[in-house]
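What follows is a set of notes on a single structure, which appears directly below.
Residue numbers (the numbering used here): 96 to 286.
In structure tokens form, the structure reads like this:
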């Protein structure tokens, strides 16, 4: 819980009492490797703070291919935001890449926190802003960086992903083919 408390305090000045009052709204869940937090086509009813483990967000493109859009790591929130906010079926799937420990809050309890707490209104706004920035940066990288630059960015910003994700997942996340990724890795290893 200390990591969660520290995370929240970096966003807003939540007091120890407010934090303790918040906890009953969350529950701990464990996910085994390869199990789903969110399934494609189901309404997302929870948002999760990742205490331990890594999750992968994916969607199915127009060619019926599974595309990785995000690697969600410890000390961050994850959900299918559109599905969670609108309470409609998700176009995303979120799956554990390894055993994971999550703190989850359902839609109703989060709305209650927003209604009752200025601090939680701030936390919600800042998390939404951060998610928007992450999505915009990801779109910018896909459009403006070449394959090698994308891979080097992943290597710098999320090096642990390279040991946890499959080569197919990494290639789809970078928007390149598996063959191109293999060539880049070989080229970097030789330098």
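All C-beta atoms, glycine included, are put in the ideal place defined by N, C-alpha and C. Keep in mind the model is a prediction, meaning the values are calculated, not measured.
Worksheet entry | Burial state of residue 227 (16 or more Cβ within 10 Å) | Counting from 1 along the chain shown, the entry for residue 227 is found at position 132. When all chains shown are included, residue 227 counts as exposed.
Practice prompt. Would you check if the distance between the CB atom of residue 198 and the CB atom of residue 123 is smaller than 8 Å?
Written response: Here residue 198 refers to the residue found at position 103 when the chain shown is read from its first residue. Here residue 123 refers to the residue found at position 28 when the chain shown is read from its first residue. Going by C-beta atoms, residue 198 is nearer than 8 Å to residue 123.
Worksheet item: What's the gap between the Cα of residue 211 and the Cα of residue 117?
Response: By one-based count along the chain shown, residue 211 stands at place 116. By one-based count along the chain shown, residue 117 stands at place 22. Looking at the two C-alpha atoms, the distance is approximately 11 Å.
Discussion item. Cutting at 6 Å between CB atoms, please list the residues of its own chain near residue 175, excluding the five before and the five after it.
Written reply: By one-based count along the chain shown, residue 175 stands at place 80. Only 133, 139, 185 and 187 meet the Cβ criterion.
Discussion item. For the beta strand (DSSP E) containing residue 166, name the first residue and the last one.
Written reply: In the chain shown, residue 166 corresponds to position 71, counting from 1. Residues 161–167.
Item to complete: Quick one: which unbroken alpha helix (DSSP H) runs of 4-plus residues sit fully inside the region 224–254? Chain order, please.
Response: 242–252
Discussion item. For residue 191 and residue 150, which I take to be in contact (beta-carbon distance under 8 Å), what is that distance rounded to the nearest angstrom?
Written reply: What you label residue 191 is simply residue 96 of the chain shown in a count that begins at 1. What you label residue 150 is simply residue 55 of the chain shown in a count that begins at 1. Yes, residue 191 and residue 150 are in contact; Cβ-Cβ is about 6 Å, under 8 Å.
Discussion item. Count Cβ pairs between the region 268–275 and the region 238–252 that sit closer than 8 Å; are there 3 or more?
Written reply: yes
Fill in: Assigned secondary structure, residue 190 (DSSP; H/G/I helix, E/B strand, else coil)
Counting from 1 along the chain shown, the entry for residue 190 is found at position 95. In this structure, residue 190 counts as strand in the three-state DSSP scheme.
Discussion item. Just verifying my parser: in three-state terms, what is the DSSP assignment at residue 140?
Written reply: Position 45 of the chain shown holds residue 140. Of the three classes helix, strand and coil, the one that applies to residue 140 here is coil, per DSSP.
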